[in-house]
Amino acid sequence: MPRSPMNRREFVKKSAVTGAAVAVAGGVAAGPAQAAEEKSGHRPRTWSFSILGTTDLHSHVFDWDYYKDAAYTDKAGNSVGVARVATLVRQQREAKGEGRVLLVDAGDIIQGTSLAYYFARVDPITAGVKHPMAVAMNHMRYDAAALGNHEFNYGIDVLRKFESQCRFPLLGANALDAKTLRPAFPPYTVKRIRVPGAPDIKVGILGLTNPGIALWDKDNVSGRMVFPGLVEQARKYVPRLRALGCDVVFLTDHSGLDGSSSYGDELPYVENASNLVAEQVPGIDAILVGHTHVEVPSYTVKNEQTGQDVLLSEPYCWGYRLSVFDFELELHHGRWRVTGKTAQTLNPNTVEEDPEIKRLLEADHELVVKYVNTPVGTCTADLSAAESCWKDVPIMDFIHKVQMDTVKAGLSAADAALPLISVAAPFSRTADIPQGNVTIKDIAGLYIYDNTLYGKKLTGAQLKDYLEYAAKYYHQVPAGTKVDTATLTNANSFWDYMYDTAAGVDYEIDIAQAEGSRIKNLTYDGAPVADDQVFVVAVNNYRANGGSGYPHIASAGIAYSSTNEIRQLMIDYVTAKKALDPADFADVNWRLTQDGTPVF
Numbered sequence: 139m140p141r142s143p144m145n146r147r148e149f150v151k152k153s154a155v156t157g158a159a160v161a162v163a164g165g166v167a168a169g170p171a172q173a174a175e176e177k178s179g180h181r182p183r184t185w186s187f188s189i190l191g192t193t194d195l196h197s198h199v200f201d202w203d204y205y206k207d208a209a210y211t212d213k214a215g216n217s218v219g220v221a222r223v224a225t226l227v228r229q230q231r232e233a234k235g236e237g238r239v240l241l242v243d244a245g246d247i248i249q250g251t252s253l254a255y256y257f258a259r260v261d262p263i264t265a266g267v268k269h270p271m272a273v274a275m276n277h278m279r280y281d282a283a284a285l286g287n288h289e290f291n292y293g294i295d296v297l298r299k300f301e302s303q304c305r306f307p308l309l310g311a312n313a314l315d316a317k318t319l320r321p322a323f324p325p326y327t328v329k330r331i332r333v334p335g336a337p338d339i340k341v342g343i344l345g346l347t348n349p350g351i352a353l354w355d356k357d358n359v360s361g362r363m364v365f366p367g368l369v370e371q372a373r374k375y376v377p378r379l380r381a382l383g384c385d386v387v388f389l390t391d392h393s394g395l396d397g398s399s400s401y402g403d404e405l406p407y408v409e410n411a412s413n414l415v416a417e418q419v420p421g422i423d424a425i426l427v428g429h430t431h432v433e434v435p436s437y438t439v440k441n442e443q444t445g446q447d448v449l450l451s452e453p454y455c456w457g458y459r460l461s462v463f464d465f466e467l468e469l470h471h472g473r474w475r476v477t478g479k480t481a482q483t484l485n486p487n488t489v490e491e492d493p494e495i496k497r498l499l500e501a502d503h504e505l506v507v508k509y510v511n512t513p514v515g516t517c518t519a520d521l522s523a524a525e526s527c528w529k530d531v532p533i534m535d536f537i538h539k540v541q542m543d544t545v546k547a548g549l550s551a552a553d554a555a556l557p558l559i560s561v562a563a564p565f566s567r568t569a570d571i572p573q574g575n576v577t578i579k580d581i582a583g584l585y586i587y588d589n590t591l592y593g594k595k596l597t598g599a600q601l602k603d604y605l606e607y608a609a610k611y612y613h614q615v616p617a618g619t620k621v622d623t624a625t626l627t628n629a630n631s632f633w634d635y636m637y638d639t640a641a642g643v644d645y646e647i648d649i650a651q652a653e654g655s656r657i658k659n660l661t662y663d664g665a666p667v668a669d670d671q672v673f674v675v676a677v678n679n680y681r682a683n684g685g686s687g688y689p690h691i692a693s694a695g696i697a698y699s700s701t702n703e704i705r706q707l708m709i710d711y712v713t714a715k716k717a718l719d720p721a722d723f724a725d726v727n728w729r730l731t732q733d734g735t736p737v738f
């Protein structure tokens, strides 16, 4: 679930200076002089090779949107899927030579689409079928991939099965066995670039994953794995790679670039630490960055100990882009030294999908298309999420209703006497449950994450703190100033998936006030909420375990927990009811105000 997008404008600005040079240098095959030297049989003094990088593919194989049951489209004209990226990879190998290209991924591979869910839960790979992403990535001949945090969403058994199906290592130098504190996955791999008449170029690839896994997938990893910081583990393994004789040290990090953490001080390790690794750990040549779902074609960080430049690139997500790192080396006293390096990102939206991937996986794709179009019931009205980020809309009340009904049915007699409320986030502004027939894809498009459900206990004072924290999502808009929904939300880099609304209590969010003093008229059953009043709060596991840094919730007492995904609970609800009727759950619990005057 977590993606902490960094300040895109900041990195685009910092990358702009190198953009023109990178565009010229990137994607160029060996020069004429070098080619002539190879042909003549003379011992080469210089050589070049490339590392291609993807990240956050989230099981996008084809250029397809399973929620819309149509080819993927967006305003930027992007395409998605490794099938198109595979064509770019083939072109790079043809232009530069098969032996001069390595292919690496920075994690979040096996979760994120209906295809991913299908092969984890409906027809699981643990029962013997092959994961489509393993098939596609094996065909593309990946050399390595880092573990992403979403690799753990379906449990370690599913991850291990996926690992067994890959013909490349899943790297995680900071994914350790909880008992032995030894790596639970290979920390690194060493690849050789063959150079005729000269020593091989040894490339060490170190993989680092996100410490936030300890929070976000606590239910799956607690007691089994621990996840120390990226800087700490890079300091251990980069010198080891150099001691092994690696001429180039390349990192693949499932961690962003800006040094931030979405979980506050819940963990002692930074979430988005790739820039810190580059600054603080000597001996690194370049880093493929992931996790934050942004495009950073080329970004340079100076190591504070050596003064050497470390080159970083992040290729967006979903197969939107392919990062290309080009390295120039010179043979000096029998050892190769990096003399030049550039990076750029390529857009696959102008190439065709790889025909072999289509042949291999078209049947799997069609199975998933059939699954998501399975009818589960009907709806008496169109339910849209378009205004869910600033209005209490029925489609969000549907989520709250399912969460509260499920938790209520599972409470002990003592906890059942407590008032029950629900918190949930508007994951998708484009979600829509249509009037008439409702299919699995309609519900999956609303609840896009594979979260499970908790019931946690908060006092009235803690609940108000929780809602105040959520309210920092809005920019302050003074009374009398017109509210523009285009600029109202996502203050403080607080993204939609991080913003919780509540049902079961009534309250106002006064956007004219400063952060920390926006929640007004918080009531339950018509009476003001008392500070010592105890509530059971239905909440997803990501938030319950500390995701997004909400106060109190991670340490709160547990009244209920389940391994059932909330999305499936919603599907089951519609299936059982047969007809989804907003009259059964629609209720206005919260509203935006300016000095007490309703905004909408």
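First residue of the sequence shown: 139, per my numbering; consecutive thereafter.
Note that the Cβ used here is the ideal one computed from N, Cα and C, for glycine as well.
From a predicted model like this one, the values you see are computed outputs, not experimental measurements.
{"Item": "8 Å contact criterion, which L584 and I533 should meet: CB distance rounded", "Value": "6 Å"}
{"Item": "Whole-angstrom distance between S693 and L353, CA atom to CA atom", "Value": "12 Å"}
{"Item": "First and last residue of the uninterrupted beta strand (DSSP E) at F465", "Value": "L460 to H470"}
{"Item": "Presumed contact (8 Å Cβ cut-off) between I339 and F187, rounded CB distance", "Value": "7 Å"}
{"Item": "Distance, S197 Cα to N575 Cα", "Value": "27 Å"}
{"Item": "Chain-order list of residues whose beta-carbon lies under 6 Å from that of A608 (same chain, five-residue window excluded)", "Value": "Y637 and D638"}
{"Item": "Buried/exposed call for G250, threshold 16 Cβ in 10 Å", "Value": "buried"}
{"Item": "Coil, strand or helix - P557 by DSSP", "Value": "coil"}
{"Item": "Segments of 4+ residues assigned as alpha helix (DSSP H) that fall wholly inside the stretch 192 to 255", "Value": "220 to 234 and 252 to 255"}
{"Item": "Nearest to V439 (by Cα), restricted to the options L319, T430 and A416", "Value": "A416"}
{"Item": "Range covered by the beta strand (DSSP E) that runs through T544", "Value": "Taken as a continuous stretch (DSSP letters only), T544 belongs to no beta strand (DSSP E), being part of the alpha helix (DSSP H) at P532 to G548."}
{"Item": "Member of I647, E468, Y587 and V675 whose CA lies at the smallest distance from the CA of V545", "Value": "V675"}
{"Item": "Cut-off 8 Å between Cβ atoms - residues of its own chain near T627, not counting five sequence neighbours on either side", "Value": "C527, W528, Y611, Y612, H613, D634 and Y637"}
{"Item": "Whole-number beta carbon distance between P325 and G345, since they are thought to touch under 8 Å", "Value": "7 Å"}
{"Item": "Of the residues S252, D212 and R231, the one placed nearest V199, counting alpha carbons only", "Value": "S252"}
{"Item": "Ordered list of beta strand (DSSP E) runs contained in the stretch 316 to 362, each at least 3 residues", "Value": "326 to 331 and 339 to 346"}
{"Item": "C-beta contact flag for D281 and L308 at 7 Å", "Value": "no"}
{"Item": "Own chain, CB closer than 8 Å to F463, minus 5 neighbours either side, in chain order", "Value": "S188, I189, L190, G191, F388, A424, L426, L449, S451, K479, T480 and A481"}
{"Item": "Beta-carbon separation (whole angstroms), K579 vs F673, contact threshold 8 Å", "Value": "In fact, because the Cβ distance is near 34 Å, the residues do not count as touching under 8 Å."}
{"Item": "Pair within 7 Å by beta-carbon distance, V641 and N727", "Value": "Per the sequence shown, residue 641 should be read as Ala rather than Val. It is a contact, given that the beta carbons lie within the stated cut-off."}
{"Item": "Residues bridged to V672 [DSSP beta-bridge criterion]", "Value": "T597"}
{"Item": "Outcome for S436 when other beta-carbon atoms lying within 10 angstroms are tallied against a minimum of 16", "Value": "buried"}
{"Item": "Counted within 10 angstroms of its Cβ, other Cβ atoms place P493 as buried (16 or more) or exposed", "Value": "exposed"}
{"Item": "F388, enclosing beta strand (DSSP E) - first and last residue", "Value": "V386 to D391"}
{"Item": "Per-residue burial, V260 [other beta carbons within 10 Å of its own, 16 or more giving buried]", "Value": "exposed"}
{"Item": "Helix, strand or coil at L368 [DSSP, three-state]", "Value": "helix"}
{"Item": "Those residues which DSSP pairs with D746 across a bridge", "Value": "For the chain, the structure presents residues 139 to 738; residue 746 sits outside this window and is missing."}
{"Item": "Pick from H431, Q443, Q573 and S461 that is closest to R373, judged by C-alpha positions", "Value": "Q443"}
{"Item": "Buried versus exposed, by CB contacts within 10 Å (16 or more), V328", "Value": "exposed"}
{"Item": "H471, buried or exposed, once every other Cβ within 10 Å from all chains shown has been counted against 16", "Value": "exposed"}
{"Item": "For Q446, the residue or residues it bridges with in DSSP", "Value": "DSSP lists no partner for Q446."}
{"Item": "Delimiting residues of the alpha helix (DSSP H) encompassing S412", "Value": "S412 to Q418"}
{"Item": "Nearest candidate by alpha-carbon position, reference I537, set I649, Y407 and R705", "Value": "R705"}
{"Item": "8 Å CB neighbourhood of Y688 in its chain, flanking five on each side removed", "Value": "Y604, Y607, A608, D638 and R681"}
{"Item": "One or two residues paired with G695 in a DSSP bridge", "Value": "K595"}
{"Item": "For T713, the first and last residue of its enclosing alpha helix (DSSP H)", "Value": "I704 to K715"}
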